[in-house]
Amino acid sequence: MNIHIHNIPRIEGHLSLYIELDEQLRKCNSVTAKAVEGPRFFEILLCHRKYYEVPLISSRICGVCGYAHTICAAKAVENAMDIEVSENTTYLRELALKLNTIESHILHAIVFMLPDYYGEKYSIIKSIKFEHSIRDLLYLKSIAGKILKVIFGDRVHARNIIPGGIVHLDNSVYGQAKDLANEMVKNLSAINEILYNFSKLVNNTKYYMPSYDSNFVALKNSYYKYFINGDISINNAFAISPREYKKYFIESSVSYSTSKKILLLGNETFMVGALSRINININNLCKEARELLTQIEIEIPSTNPFLIPMAQLIEIYDSVLKVYELIDKVKLVSEYNRIKPRDGEGYAAIEAPRGLLYYHVKLNREGTIDLIDIVTPTTQNIADMERCIKYSINHLLSSVRKTEMKNIVNIIKDLSETIVRSYDPCISCAVHIVLLKNNG
Amino acid sequence: MKKIRVCIYSLTGCEGCSLKLINTLMEYSELANIIDIHGHLIDSDDVIECDIAFIDGAIATEHDLSLVREIREKSRIVVALGSCANFLGVIAIANHVSIEKSVYSVYGRPLYIKLENIYMPVDRVIRVDYYIPGCPPIEEEIYTFITSIIIGKSFSLPDSPVCHECKALGLPCMLKKGKPCLGFITRSGCNALCIRYGMSCWGCRGVVDEHSIEKTITTFKEHGISLKDLRDLIEIYLLNTPLGKTLARKEVQNHEHTHT
């Protein structure tokens, strides 16, 4: 028997799910997630472009995490040209990534995920009468957007982040940015209440997900450089530099989708994103965020995807407090290294809101792009998502109560959709690409 | 007062425009009381009867094509939101590469989804009532549009170029600095956002009607900027406009040649 869920709502982009069960409904044979969008050929658009245009064009790959693409592209170009940016620029980019993550996480955890917890009919922005805590979080999202807008020009696509630094910063908006950061801190308590509700839900889902083991991958970072710098850690066991990424993470194209898949060492699925980051960097969260983690009693490390929205809320908490601290550390003064175009090959990895983002660029002597290779978080997560859905359906089928059997197809559909959504896939990111490989 | 039903539909694109629209509705909370909103990012993908349908992204797949037709049938007003829906924007590049060849060289096999032969902006297939361009669109413009519809006022886009906004703001001219900039042919309404932040204008809001291709070329020449620079710039957003079709096609085909 086959179950087909067409175009899953409340995710970024268009994804369909095909689930194959055996005739007796005792076993799930396969789960395949298919991206159902047309490819957008960004690599072709980016090839032959000047090095300074790349961050601003690649931003258009994604409407949610444009900032992550801009910053990662800028870093890859800088790596290719051996350019070091100032500490102030690094902090400002970290600030941008934090604000982008606050926006992205609230969109996912609140607008996309909450209806799963409150039942289908519940939709956040349909009703102005939503609970205080939700309203406060949406307000927090809007403030994060405002800070991005005053410092970097726009809340969706940055305008002034370029290879070598950040330009056109305006110190006269500093006071405004600081007030807004302060305003965010005031609204933080909303997170506690929502986290508490989420943790109740996770207790209910233990039935579906007793233990799901997977690999987790994220940058090993530091307290203030949580998204921007670091080596790539695998299971917190060992770490590799971004340059070595393709040795460990092997790409395979799949016949049924416009998105590619990446497997660890070519055979194991793995998870990237908020939960992986917390697994690896729990000690770099601020004290308050760690306390929150203790209060909700979730065990770290974990690869239970139902915990991802909670990990995101913890990260929002951490990010808001650190945005407040970072604003004190940065100067809004343009800093830019003059660049003399040159050739080179560069690699960069940063943490986008949804997880590890990898860029590889080759520049020629004029400083134009000869080759660009982009691996997005969703491309990495998709195989793990399929495996997890298969695992939980099999668990469900082996333990289902007789009374539920009548309704089993709907239960499987709900369960699978919720797992897909938990991973926070971004299909626009995943299908941006046709990779132009130099197969040498 | 009966609530106005607004639907947000996304075709092939980045959904940044949908998010801008949602942000706008959250920002201007007075709208939330009179608007009932549906769509992929909010509840479901079903096409339902509505007053205003916003469409972002371009028509790339067979599914996109049947979706826009259904949307037109069920919506009182159809709005093309963002550069891709308006004139293909950054997706236009797809029409200048051999899709099958590229896909095959990359995926090693044909795609399972059926792609249209060419990618199309929304108004190539259905009648569009209003256009809100931009990559992404400006929140204030979305707000003005929605309130205009609600109170029954007419809505139109500004028909002056970004240049005028630059002058009003006293910003230094990029062309005069020798930097390729399309502000003199691009529709205003963004308050010269990119120029304010140190970029030049790439034309994401589309070309204002009255400017001819010759004038564009002459202006670049007068400022000592090469035709190649002009072509490169037009390739980002304006490939699918008359200007882009005249100027940039050859260039892009060359790209394809070296890279597939």
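Protein chains in written order, with this note's numbering: chain A, 77 to 516; chain B, 1338 to 1597.
Ideal Cβ positions, reconstructed from N, Cα and C, are used throughout, including at glycine.
Computed from a predicted model, the values in this text were never measured in an experiment.
8 Å contact criterion, which residue i and residue j should meet: CB distance rounded
| i | j | result |
| --- | --- | --- |
| Cys1354 (chain B) | Asp1393 (chain B) | 4 Å |
| Ile426 (chain A) | Ala234 (chain A) | Contact doesn't hold; Cβ gap of about 14 Å is too wide. |
| Pro453 (chain A) | Val348 (chain A) | 5 Å |
| Leu183 (chain A) | Lys217 (chain A) | 7 Å |
| Pro318 (chain A) | Ala428 (chain A) | Incorrect: roughly 14 Å between the Cβ atoms, too far for contact. |
| Arg155 (chain A) | Gly422 (chain A) | The question names Arg, but residue 155 (chain A) is Asn in the sequence shown. 3 Å between Cβ atoms; contact. |
| Gly89 (chain A) | Ser504 (chain A) | 5 Å |
| Ser1420 (chain B) | Pro1470 (chain B) | 6 Å |
| Ile469 (chain A) | Leu491 (chain A) | 7 Å |
| Tyr1467 (chain B) | Ile1385 (chain B) | Actually they are not in contact, since the Cβ atoms of Tyr1467 (chain B) and Ile1385 (chain B) sit about 20 Å apart, beyond 8 Å. |
Residue span of the beta strand (DSSP E) that contains residue i, given as start and end
| i | result |
| --- | --- |
| Tyr1346 (chain B) | 1341-1347 |
| Leu265 (chain A) | Per the sequence shown, residue 265 (chain A) should be read as Ser rather than Leu. Segment: none, Ser265 (chain A) is in no beta strand (DSSP E) and carries neither H nor E. |
| Glu373 (chain A) | Premise fails: Glu373 (chain A) is in no beta strand (DSSP E) and is neither H nor E. |
| Ile137 (chain A) | Note, Ile137 (chain A): premise wrong, no beta strand (DSSP E); not H, not E. |
| Asp1566 (chain B) | Per DSSP, Asp1566 (chain B) belongs to no beta strand (DSSP E); it is in the alpha helix (DSSP H), 1564-1574. |
| Gly1376 (chain B) | 1372-1376 |
| Ile415 (chain A) | Careful: Ile415 (chain A) lies outside any beta strand (DSSP E) and carries neither H nor E. |
Beta-ladder partner(s) of residue i, from DSSP
| i | result |
| --- | --- |
| Tyr434 (chain A) | A:Ala425, A:Val451 |
| Arg1524 (chain B) | B:Pro1498 |
| Phe1391 (chain B) | B:Ile1345, B:Val1416 |
| Lys174 (chain A) | DSSP, once it has assigned bridges, lists no residue as partnering Lys174 (chain A). |
| Asn78 (chain A) | A:Glu96 |
| Cys502 (chain A) | A:Glu88 |
| Thr1544 (chain B) | At residue 1544 (chain B) the sequence reads Val, which differs from the Thr that was named. Looking at the DSSP assignment, Val1544 (chain B) forms a beta bridge with B:Thr1523. |
| Ala109 (chain A) | A:Leu93 |
| Asn104 (chain A) | Looking at the sequence provided, one finds Cys at residue 104 (chain A) rather than Asn. Partner(s): A:Leu97. |
| Leu439 (chain A) | A:Gly420, A:Ile445 |
| Phe1557 (chain B) | Answer is none; Phe1557 (chain B) lacks a bridge partner. |
| Val293 (chain A) | A:Ile310 |
| Lys337 (chain A) | A:Ser328 |
Pairwise C-alpha distance: residue j and residue i
| i | j | result |
| --- | --- | --- |
| Lys205 (chain A) | Leu1362 (chain B) | Because the pLDDT of Lys205 (chain A) is 47, which lies under 50, any placement of that residue in the model is unreliable, and the number read from its coordinates should be weighed accordingly. Taking the straight line from one Cα to the other gives about 15 Å. |
| Val161 (chain A) | Ala149 (chain A) | 14 Å |
| Ile1430 (chain B) | His244 (chain A) | 30 Å |
| Lys478 (chain A) | Phe188 (chain A) | 31 Å |
| Ser203 (chain A) | Val1405 (chain B) | With a pLDDT of 45 at Ser203 (chain A), under the threshold of 50, the modelled position of this residue cannot be trusted, and the question is left open. |
| Ala365 (chain A) | Glu391 (chain A) | 8 Å |
| Ile448 (chain A) | Lys466 (chain A) | 34 Å |
| Val153 (chain A) | Pro239 (chain A) | 6 Å |
| Ile1428 (chain B) | Arg1461 (chain B) | 15 Å |
| Pro85 (chain A) | Asp419 (chain A) | 44 Å |
| Leu1570 (chain B) | Tyr127 (chain A) | 14 Å |
| Ile450 (chain A) | Lys1339 (chain B) | 47 Å |
| Cys104 (chain A) | Glu462 (chain A) | 11 Å |
| Tyr324 (chain A) | Arg441 (chain A) | 30 Å |
| Lys197 (chain A) | Pro191 (chain A) | For Lys197 (chain A), the predicted model reports a pLDDT of 49, less than 50, meaning its position is unreliable and no value from the coordinates is stated. |
| Val1459 (chain B) | Leu341 (chain A) | 43 Å |
| Asn83 (chain A) | Leu213 (chain A) | 28 Å |
| Glu1588 (chain B) | Ile1455 (chain B) | The predicted model places Glu1588 (chain B) with a pLDDT of 43, which falls under 50 and marks its position as unreliable; any figure quoted below should be read in that light. Each residue's Cα considered, the two are about 19 Å apart. |
| Glu401 (chain A) | Ile338 (chain A) | 36 Å |
| Asp98 (chain A) | Ser287 (chain A) | 23 Å |
| His1375 (chain B) | Gln388 (chain A) | 25 Å |
| Glu170 (chain A) | Ile1463 (chain B) | 44 Å |
| Glu1367 (chain B) | Leu1418 (chain B) | 22 Å |
| Tyr435 (chain A) | Ser1549 (chain B) | 39 Å |
| Asn1528 (chain B) | Cys464 (chain A) | 48 Å |
Residue range of the alpha helix (DSSP H) that includes residue i
| i | result |
| --- | --- |
| Leu1368 (chain B) | 1366-1369 |
| Gly142 (chain A) | 142-156 |
| Ala220 (chain A) | 208-228 |
| Ile384 (chain A) | 384-405 |
| Leu1530 (chain B) | 1530-1533 |
| Ser186 (chain A) | Here the sequence assigns Ile to residue 186 (chain A), which means Ser is not the residue at that position. Careful: Ile186 (chain A) lies outside any alpha helix (DSSP H) and carries neither H nor E. |
| Tyr321 (chain A) | 321-324 |
Closer than 9 Å between beta carbons: that is the criterion. Which residues of the region 1388-1407 of chain B meet it against chain A? Asp1393, Gly1394, Ala1395, Ile1396, Ala1397, Thr1398, His1400, Asp1401
The region 1467-1497 of chain B: positions lying closer than 7 Å to chain A by Cβ: Cys1472, Pro1473
Can you give me, in chain order, the residues of the region 135-155 of chain A that have a beta carbon less than 8 Å from any beta carbon in chain B? Residues of the region 135-155 of chain A whose Cβ lies closer than 8 Å to any Cβ of chain B, in chain order: Arg136, Ile137, Cys138, Gly139, Val140, Gly142.
What are the residues in the region 1405-1432 of chain B lying within 7 Å of chain A by C-beta distance? Val1427, Ile1428, Ile1430, Ala1431
At a Cβ cut of 7 Å, what residues of the region 1497-1514 of chain B count as close to chain A, listed as they run along the chain? none
Below 9 Å between beta carbons is the criterion; list the residues of the region 1348-1359 of chain B that meet it against any residue of chain A, in chain order. Leu1348, Thr1349, Gly1350, Cys1351, Glu1352, Gly1353, Cys1354, Ser1355, Leu1356, Lys1357, Ile1359
Along the region 364-398 of chain A, what residues have a CB closer than 9 Å to any CB found in chain B? none
Output needed in chain order: residues of the region 1537-1552 of chain B with a Cβ under 7 Å from some Cβ in chain A. Contacts with chain A (Cβ-Cβ distance below 7 Å) from the region 1537-1552 of chain B involve no residue at all.
Against chain B: residues of the region 227-243 of chain A by CB proximity under 9 Å: Per Cβ criterion, the list reads Phe228, Gly229, Asp230, Arg231, Val232, His233, Ala234, Arg235, Asn236, Ile238, Val243.
Please list, in chain order, the residues of the region 296-311 of chain A that have any C-beta partner in chain B closer than 7 Å. none
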